[in-house]
Amino acid sequence: MKFIIERYDPDQDQKPYFKEYDIQLEPSDRMLLDALIRIKSIDDTLALRRSCREGICGSDAMNINGKNGLACITKIVDLKEPVKLRPLPGLPIIRDLIVDMTQFFKQYHSIKPFVINNDPPPEKERLQSPEERLELDGLYECILCACCSTSCPSFWWNPDKFVGPAGLLAAYRFIADSRDQAVNERLDNLEDPYRLFRCHTIMNCVDVCPKGLNPSLAIGKIKEMMVRRGV
Amino acid sequence: MPTKKIPVGAHYGWQDWLAQRVTAIIMVLFSIVIIGFFMIKGGANYGDWKELFRSQLFRILALLFFLSVYYHAWIGIKDVLMDYIKPAGLRISLQVLVLLLLLACSIWSVTIIWGT
Numbered sequence: 128m129k130f131i132i133e134r135y136d137p138d139q140d141q142k143p144y145f146k147e148y149d150i151q152l153e154p155s156d157r158m159l160l161d162a163l164i165r166i167k168s169i170d171d172t173l174a175l176r177r178s179c180r181e182g183i184c185g186s187d188a189m190n191i192n193g194k195n196g197l198a199c200i201t202k203i204v205d206l207k208e209p210v211k212l213r214p215l216p217g218l219p220i221i222r223d224l225i226v227d228m229t230q231f232f233k234q235y236h237s238i239k240p241f242v243i244n245n246d247p248p249p250e251k252e253r254l255q256s257p258e259e260r261l262e263l264d265g266l267y268e269c270i271l272c273a274c275c276s277t278s279c280p281s282f283w284w285n286p287d288k289f290v291g292p293a294g295l296l297a298a299y300r301f302i303a304d305s306r307d308q309a310v311n312e313r314l315d316n317l318e319d320p321y322r323l324f325r326c327h328t329i330m331n332c333v334d335v336c337p338k339g340l341n342p343s344l345a346i347g348k349i350k351e352m353m354v355r356r357g358v
Numbered sequence: 881m882p883t884k885k886i887p888v889g890a891h892y893g894w895q896d897w898l899a900q901r902v903t904a905i906i907m908v909l910f911s912i913v914i915i916g917f918f919m920i921k922g923g924a925n926y927g928d929w930k931e932l933f934r935s936q937l938f939r940i941l942a943l944l945f946f947l948s949v950y951y952h953a954w955i956g957i958k959d960v961l962m963d964y965i966k967p968a969g970l971r972i973s974l975q976v977l978v979l980l981l982l983l984a985c986s987i988w989s990v991t992i993i994w995g996t
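Those protein sequence lines, which keep their order, are chains A and B.
Take the position in the first sequence, starting the count at 1, then add 127; the result is the number in my numbering.
Take the position in the second sequence, starting the count at 1, then add 880; the result is the number in my numbering.
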């Protein structure tokens, strides 16, 4: 099977280039990550991140035939040959398929991704009703693989100012949490033409999310809350 | 020049976002009215247009439509400039230029609608 992989080693290369691989796959190679590990067994200079190999850790996010996704849950049979692999777009390349996610996590941390509750903690736990818990479905499952944010043009142009779909999904996850008491501070923090309103709802994020989540919907709900608060 | 730190938190945004939606609805409604009018008439010639704009109410509605178009365009173009133009000085210059252009368009629309 043919693969074209973007290679870049800043110590040796002036700029990224594409390298072709034609490899014989084994019947046990079912996911793209299997194929990549086989390529790595032939060419051990290829650098990539991977860990859990089952779509939970979010390490092996990359651009697969032009669309961001996780190598470990992308079936080889679904891929068109030659398979073109590139690092996630818009972030600085450290080496080959590995990108520097600093900017991505900086934005994630900026929304304070933890429950803020100033009441003294109860003896056992802060309870939620089943309905309150239901509100978090579709929000808490994010694995921070950065497929969505790095497919978003607004994040490409303004990664230092725009929170990005992953960060905003997480922001709404805490805004919607019945145990969180900082909804106003959270909305204040996001009420900004750059932090939130760079989202023009083109929904690339929804298109690529390997977990099937909908950041656009969550962002829409944040905007709606701001309007309700302001009119 | 102030420090190179990048501050965010201008505390506006939803007003523009809401206005863009409201103006879009006004544009859709007016378009439906216009298209409906000429569908009933079965075509549009100079006389029909003249007839339509004889009514003062219709002129006001038409002006509301054009102002919606310009305001909608202002928010949209401002957004595009904020997306792509990094130097703040160039950005504000272009924004002022667009704003003046749209203001001129607004005045021009008034003269056209209430002209003979």
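We treat Cβ as the ideally placed atom computed from N, Cα and C, and that holds for glycine.
Subject >> Through-space distance from Leu961/B to Arg222/A, alpha-carbon basis >> reply: 33 Å
Original post:
Between the stretch 265-280 of chain A and chain B, which residues of the former have CB atoms less than 9 Å from a CB of the latter, in chain order?
Top reply: Pro280
Subject >> Member of Thr172/A, Asp161/A and Asn245/A whose CA lies at the smallest distance from the CA of Ser178/A >> reply: Nearest option by C-alpha distance: Asp161/A.
**OP:** In angstroms with no decimal places, state the Cα-to-Cα distance between Pro137/A and Trp284/A.
**Re:** 23 Å
Original post:
Just how far apart, CA to CA, sit Ser256/A and Ile191/A?
Top reply: 41 Å
**OP:** Starting from Lys891/B, find everything on chain A with Cβ-Cβ shorter than 9 Å and list it in chain order.
**Re:** The amino acid at residue 891/B is misidentified as Lys; the sequence shows His. Under the 9 Å cutoff, chain A gives Asp315, Glu318 and Asp319.
Original post:
What span of residues does the alpha helix (DSSP H) with Asp138/A cover, start to end?
Top reply: Element bounds for Asp138/A: n/a, residue is neither H nor E.
Subject >> Lys338/A and Ile270/A closer than 8 Å at C-beta >> reply: Contact: yes.
Subject >> Interface residues of the stretch 208-223 of chain A facing chain B [CB-CB below 7 Å] >> reply: none
Original post:
Are the CB atoms of His891/B and Glu318/A nearer to each other than 8 Å?
Top reply: yes
Original post:
Quick one: is Ile957/B near chain A, going by C-beta distance under 8 Å?
Top reply: With 8 Å as the cut-off, Ile957/B does not count as an interface residue toward chain A.
**OP:** Work out the CA separation of Trp988/B and Pro342/A for me, nearest whole Å.
**Re:** 42 Å
**OP:** Report yes or no: do the stretch 293-309 of chain A and the stretch 208-220 of chain A share at least 3 C-beta pairs separated by less than 8 Å?
**Re:** no
Original post:
Is the stretch 917-926 of chain B in contact with the stretch 243-253 of chain A, if contact means three or more CB pairs nearer than 8 Å?
Top reply: no
Original post:
Can at least three beta-carbon pairs, one atom from the stretch 266-280 of chain A and one from the stretch 288-297 of chain A, be found at a separation below 8 Å?
Top reply: yes
Original post:
Buried or exposed: Gln139/A, going by 16 or more other Cβ atoms within 10 Å of its Cβ?
Top reply: exposed
**OP:** Using a Cβ cut-off of 8 Å (strictly closer), state whether Leu323/A contacts chain B.
**Re:** yes
Original post:
Quick one: is Ile169/A buried, meaning 16 or more other Cβ sit within 10 Å of its Cβ, or exposed?
Top reply: With fewer than 16 other Cβ atoms within 10 Å, it is exposed.
Subject >> Under the three-state DSSP convention, the category Leu197/A falls into >> reply: strand
Subject >> Straight-line gap, Ile940/B to Asp963/B (C-alpha atoms, nearest Å) >> reply: 34 Å
**OP:** Would you mind sorting Gly185/A into buried or exposed? The rule is 16 or more other CB atoms within 10 Å of its CB.
**Re:** With 16 or more Cβ atoms within 10 Å of its Cβ, Gly185/A is classed as buried.
Original post:
Applying the criterion that 16 or more other CB atoms from any shown protein chain within 10 Å of the CB defines a buried residue, is Ser948/B buried or exposed?
Top reply: Buried.
Subject >> Spatially closest choice to Phe145/A from Tyr321/A, Val210/A and Asp156/A, by CA coordinates >> reply: Val210/A
Subject >> Per DSSP, cross-strand counterpart(s) of Lys149/A >> reply: This sequence places Asp at residue 149/A; Lys is not what is there. DSSP, once it has assigned bridges, lists Lys129/A as partnering Asp149/A.
Original post:
In chain order, what residues of the same chain lie with their CB nearer than 7 Å to the CB of Arg180/A, ignoring the 5 residues before and after it?
Top reply: Once the five neighbours on either side are set aside, the close Cβ partners of Arg180/A are Leu160 and Cys199.
Original post:
If we ignore side chains and look at the alpha-carbon of each, how far apart do Ile912/B and Phe918/B end up?
Top reply: 10 Å
Original post:
What residue does the beta strand (DSSP E) around Lys211/A start on, and which one ends it?
Top reply: Val210 to Arg213
Original post:
Taking Gln151/A as the reference, which of Met128/A, Ala273/A and Glu133/A has the closest Cα?
Top reply: For the residues Met128/A, Ala273/A and Glu133/A, the minimum Cα distance to Gln151/A belongs to Met128/A.
**OP:** Please go through the stretch 945-984 of chain B and give each complete beta strand (DSSP E) segment of 3 or more residues, from N-terminal end onward.
**Re:** none
Original post:
Apart from the five residues just before and just after Leu206/A, which ones in its own chain have a Cβ nearer than 8 Å to its Cβ?
Top reply: Leu159, Ile191 and Asn192
Original post:
With 8 Å set as the bound, which would you pick, yes or no: does the beta-carbon of Leu974/B sit closer than that to a beta-carbon of chain A?
Top reply: no
Original post:
Does DSSP put Met353/A in a helix, in a strand, or in coil?
Top reply: Correct three-state label for Met353/A: helix.
**OP:** Give the DSSP-derived three-state secondary structure of Ala924/B in the structure shown.
**Re:** coil
Original post:
Measuring CA to CA, which of Gln936/B, Thr883/B and Trp897/B is closest to Trp994/B?
Top reply: Gln936/B
Original post:
When the Cα atoms are used, what is the spatial distance from Val310/A to Cys326/A?
Top reply: 20 Å
**OP:** Select from the stretch 903-929 of chain B all residues with a C-beta closer than 8 Å to any C-beta belonging to chain A, and list them in chain order.
**Re:** none
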